[in-house]
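Enquirer: The sequence shown begins at 0 in numbering that gives the first Met the number 0 and counts up one residue at a time. For every residue, glycine included, the Cβ atom is placed at its ideal position computed from N, Cα and C.
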Amino acid sequence: MAYFKNLTDKIPQLLSLLDKDERWLILVNADPDALASALALKRIMVRRVMDVGIGNVNEIMRPDNLAMVRLLRIPLQKVTSNLIVQYDRFALVDSQPHHHPMFQEIKFSLVIDHHPVSQDHPVSAEFQDIRPGYGANSTILTEYLYNLKIRPGKLLATALVYGIKTDTQSFERPFADTDIKAFKYLTKFYNSSLLQKIIRSELHKDWLKYFCQAFKKVKFLGNGLGVCLGNVESPDILVILADFFLQIHNISWDMVGGVYDNKLIVIFRGDGLRRDIGKLAAKMFANYGPAGGHKAMARAEILLENLNNMHPQQFMWHRFYCVRSKKSIKRKESSLACCKE
Ligand SMILES: [Mn+2]
Numbered sequence: 000m001a002y003f004k005n006l007t008d009k010i011p012q013l014l015s016l017l018d019k020d021e022r023w024l025i026l027v028n029a030d031p032d033a034l035a036s037a038l039a040l041k042r043i044m045v046r047r048v049m050d051v052g053i054g055n056v057n058e059i060m061r062p063d064n065l066a067m068v069r070l071l072r073i074p075l076q077k078v079t080s081n082l083i084v085q086y087d088r089f090a091l092v093d094s095q096p097h098h099h100p101m102f103q104e105i106k107f108s109l110v111i112d113h114h115p116v117s118q119d120h121p122v123s124a125e126f127q128d129i130r131p132g133y134g135a136n137s138t139i140l141t142e143y144l145y146n147l148k149i150r151p152g153k154l155l156a157t158a159l160v161y162g163i164k165t166d167t168q169s170f171e172r173p174f175a176d177t178d179i180k181a182f183k184y185l186t187k188f189y190n191s192s193l194l195q196k197i198i199r200s201e202l203h204k205d206w207l208k209y210f211c212q213a214f215k216k217v218k219f220l221g222n223g224l225g226v227c228l229g230n231v232e233s234p235d236i237l238v239i240l241a242d243f244f245l246q247i248h249n250i251s252w253d254m255v256g257g258v259y260d261n262k263l264i265v266i267f268r269g270d271g272l273r274r275d276i277g278k279l280a281a282k283m284f285a286n287y288g289p290a291g292g293h294k295a296m297a298r299a300e301i302l303l304e305n306l307n308n309m310h311p312q313q314f315m316w317h318r319f320y321c322v323r324s325k326k327s328i329k330r331k332e333s334s335l336a337c338c339k340e
């Protein structure tokens, strides 16, 4: 039996679409899984069409994504109307046309994705392969490479490994058996030092100042802690700090807030053992904006105009003490004063 699913129907259909006289552009909303998928599709197309490029619709900011693009030499171009007119055909990977306004303006000939299909937005591409059961789109592309007998080179294999690793959160999120198979298969060809280098590129040098601020402002709350920064360049630094503080011995949960894009964003992290951090996030902020998550990870985003004229830091702590004193009221049946909702 073949190691991967047999794509006997799909392969001829895909190949019949590729023409030596046509230029293809593969579009992505760039994240590691999308970038790896695009690189794999480019590898499949490269000698079968006149030219193939990769275009990203979003700005790439995360340091690990930037490291991936640089170290794995992914030739990316920002999508503009000028770029679009240089190509004849368009492919989309790890997304569907309705996922981004810029995709909606393009007629795609090929879509390969693993997100759920929407009845309201059926995909109309000539060639489509959408498999929502898969943890990563990189897995689908690995199956194509295998079926086409293309052995992935070091850079492509490393990209696909990282795509699977990030989309499945190292197999902590739902995944299919074939995601594991693809991962195992690709590790024969990848470069572990390159992968480690990408994984470790979590921080921009400029972000170190947020650590200083956080160390000065952190408040310990029993077995948890909280900190609220001012404006931050990216909400990713809040995630990094929240993950960082959870490494402290005897700290079982934390919350890290900051202001970005006219919103107070609070990232919650917990050890997932006793306290349900998703519930805490919802109790604190659900009346003010999207807030919630699961036992170990949660997030809240509140527009600054909804902070009841309070400073973001003041608002975060105010909501925390409201929730906490309510809990203690329940426990002690005392009549401690609490804020009005
Ligand atoms: Mn994906």
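Is the segment 194–207 touching the segment 171–178 in the sense that three or more CB pairs, one from each, lie closer than 8 Å?
Expert: Verdict: no, contact absent.
Enquirer: For D178, which residues from the same chain have a beta carbon less than 7 Å from its beta carbon, with the 5 sequence-adjacent residues on both sides left out?
Expert: Here residue 178 is taken as the residue at index 179 of the sequence shown, counted from 1. Y133, G134, A135, T138, I163 and T167.
Enquirer: So E125 and L14 are supposed to be a Cβ contact under 8 Å. How far apart are they, rounded?
Expert: In the sequence shown, the residue the question calls residue 125 occupies position 126. In the sequence shown, the residue the question calls residue 14 occupies position 15. The pair is not a contact, with the Cβ atoms about 13 Å apart (cut-off 8 Å).
Enquirer: So the beta strand (DSSP E) F89 belongs to, where does it begin and stop?
Expert: Taking the sequence shown and counting its residues from 1, one reaches residue 89 at position 90. Segment R88 to V92, the beta strand (DSSP E) holding F89.
Enquirer: Can you check which of these residues, D253, S192 and I264, is closest to E232 by C-alpha distance?
Expert: For this step, residue 232 is matched to residue 233 along the sequence shown. Of D253, S192 and I264, the residue nearest in Cα terms is I264.
Enquirer: On a CA-only basis, which of N28, D235, A66 and A37 is nearest F102? Give me that one, please.
Expert: Here residue 102 is taken as the residue at index 103 of the sequence shown, counted from 1. Of the candidates N28, D235, A66 and A37, the one whose C-alpha sits nearest the C-alpha of F102 is N28.
Enquirer: Please tell me whether Y145 and F3 are closer than 7 Å, where the distance is taken between their beta carbons.
Expert: Against the sequence shown, residue 145 aligns to sequence position 146. Against the sequence shown, residue 3 aligns to sequence position 4. Taking 7 Å as the Cβ cut-off, Y145 and F3 qualify as a contacting pair.
Enquirer: Note down the Cα distance separating C337 from K41, rounded to an integer number of angstroms.
Expert: Working through the sequence shown from its first residue, we reach residue 337 at position 338. Working through the sequence shown from its first residue, we reach residue 41 at position 42. Unreliable positioning characterises C337 in this predicted model, as indicated by a pLDDT of 40, which lies under 50. A coordinate reading is not provided.
Enquirer: When the Cα atoms are used, what is the spatial distance from Q118 to A33?
Expert: As a working note, residue 118 is residue 119 in the sequence shown. As a working note, residue 33 is residue 34 in the sequence shown. Rounded to the nearest angstrom, the two C-alpha atoms are 23 Å apart.
Enquirer: Could you pull the start and end residues of the beta strand (DSSP E) that V226 belongs to?
Expert: In the sequence shown, residue 226 corresponds to position 227, counting from 1. Taken as a continuous stretch (DSSP letters only), the beta strand (DSSP E) holding V226 covers G223 to N230.
Enquirer: Would you kindly check if the distance between the Cβ of I53 and the Cβ of I25 is under 7 Å?
Expert: On the sequence shown, position 26 is the one that residue 25 refers to. On the sequence shown, position 54 is the one that residue 53 refers to. A contact, by the Cβ cut-off of 7 Å.
Enquirer: Helix or strand or just coil, what does DSSP make of Q127?
Expert: Taking the sequence shown and counting its residues from 1, the one referred to as residue 127 is at position 128. In the structure shown, Q127 sits in a strand (DSSP, three-state: E or B).
Enquirer: Three-state secondary structure (DSSP) at K325?
Expert: Here residue 325 is taken as the residue at index 326 of the sequence shown, counted from 1. Of the three classes helix, strand and coil, the one that applies to K325 here is helix, per DSSP.
Enquirer: Under 6 Å from any heavy atom of ligand 1, does the C-beta of N136 make it?
Expert: On the sequence shown, residue 136 is found 137 positions in, with the first residue counted as 1. Because some heavy atom of ligand 1 lies under 6 Å away, the Cβ of N136 counts as near it: yes.
Enquirer: Helix, strand or coil for L16, going by three-state DSSP, please let me know.
Expert: Within the sequence shown, numbered from 1, the residue matching residue 16 stands at position 17. Of the three classes helix, strand and coil, the one that applies to L16 here is helix, per DSSP.
Enquirer: Excluding the 5 residues flanking E340 on each side, which residues of the same chain have their C-beta closer than 6 Å to its C-beta?
Expert: Taking the sequence shown and counting its residues from 1, the one referred to as residue 340 is at position 341. Only weak support is given to the placement of E340: the predicted model assigns it a pLDDT of 38, under 50, and the question is left unresolved by the model.
Enquirer: Are the beta-carbon atoms of Y259 and P234 separated by less than 7 Å?
Expert: Position 260 of the sequence shown, counted from the first residue, corresponds to residue 259. Position 235 of the sequence shown, counted from the first residue, corresponds to residue 234. Their beta carbons are under 7 Å apart, which means Y259 touches P234 by this criterion.
Enquirer: Tell me which same chain residues have a C-beta within less than 7 Å of the C-beta of T186, skipping the five on either side of it?
Expert: Looking up residue 186 in the sequence shown gives position 187. For T186, where only same-chain residues beyond five positions count, the Cβ hits under 7 Å are V160.
Enquirer: Could you have a look at K196 and say whether DSSP puts it in helix, strand or coil?
Expert: Here residue 196 is taken as the residue at index 197 of the sequence shown, counted from 1. Helix, per DSSP.
Enquirer: Which one of I266, K282, L75 and H293 has the shortest CA to CA distance from L272?
Expert: Taking the first residue of the sequence shown as 1, we reach residue 272 at position 273. Among I266, K282, L75 and H293, the Cα nearest to that of L272 belongs to H293.
Enquirer: According to DSSP, is D178 helix, strand or coil?
Expert: For the purposes of this step, residue 178 is taken as the residue at position 179 of the sequence shown. Three-state result, D178: helix.
Enquirer: Going straight from the alpha carbon of H97 to that of H248, what length do you get?
Expert: As a first step, residue 97 must be located in the sequence shown, where it is residue number 98. As a first step, residue 248 must be located in the sequence shown, where it is residue number 249. Distance between the alpha carbons of H97 and H248: 45 Å.
Enquirer: Which residues in the same chain as E332 place their Cβ atom closer than 8 Å to its Cβ, once the five residues preceding and following it in sequence are excluded?
Expert: Taking the sequence shown and counting its residues from 1, the one referred to as residue 332 is at position 333. Residue confidence is low: E332 scores 43 on pLDDT, short of 50, so the model does not pin down where it sits. Its coordinate-derived value is still stated next. Hits under 8 Å: none found.
Enquirer: Would you tell me roughly how many angstroms separate the C-alpha atoms of L109 and I129, rounded to the nearest one?
Expert: Along the sequence shown, read from residue 1 onward, the residue named residue 109 stands at position 110. Along the sequence shown, read from residue 1 onward, the residue named residue 129 stands at position 130. Using only the alpha carbons, I get a separation of about 11 Å.
Enquirer: Between I266 and A213, what straight-line distance do the alpha-carbon atoms span, to the nearest angstrom?
Expert: As a working mapping, residue 266 is identified with position 267 in the sequence shown. As a working mapping, residue 213 is identified with position 214 in the sequence shown. So the alpha carbons of these two residues sit roughly 13 Å apart.
Enquirer: Are the beta-carbon atoms of G154 and A39 separated by less than 7 Å?
Expert: Your numbering for residue 154 matches position 155 in the sequence shown. Your numbering for residue 39 matches position 40 in the sequence shown. The sequence as given places Leu at residue 154; Gly does not occur at that position. Going by C-beta atoms, L154 is not nearer than 7 Å to A39.
Enquirer: Anyone know if the C-beta pair for S200 and D63 falls short of 7 Å?
Expert: Taking the first residue of the sequence shown as 1, we reach residue 200 at position 201. Taking the first residue of the sequence shown as 1, we reach residue 63 at position 64. Taking 7 Å as the Cβ cut-off, S200 and D63 qualify as a contacting pair.
Enquirer: Please list the segments of the alpha helix (DSSP H) lying wholly inside the segment 4–74, counting only runs of 4 or more residues, in order along the chain.
Expert: 9–16, 31–44 and 62–70
Enquirer: Grouping DSSP H, G and I as helix and E and B as strand, with all else coil, what is K153?
Expert: Start at 1 with the first residue of the sequence shown, and residue 153 comes out as number 154. Helix at K153.
Enquirer: Roughly how many angstroms separate the alpha carbons of N5 and D176, rounded to a whole number?
Expert: In the sequence shown, counting from the first residue as 1, residue 5 sits at position 6. In the sequence shown, counting from the first residue as 1, residue 176 sits at position 177. If you take the alpha carbons of N5 and D176, they lie about 15 Å apart.
Enquirer: Along the chain, where does the beta strand (DSSP E) containing G256 start, and where does it finish?
Expert: Looking up residue 256 in the sequence shown gives position 257. Residues W252 to Y259.
Enquirer: CB F284 to CB A297, shorter than 7 Å?
Expert: Along the sequence shown, read from residue 1 onward, the residue named residue 284 stands at position 285. Along the sequence shown, read from residue 1 onward, the residue named residue 297 stands at position 298. No, they are not a contact pair.
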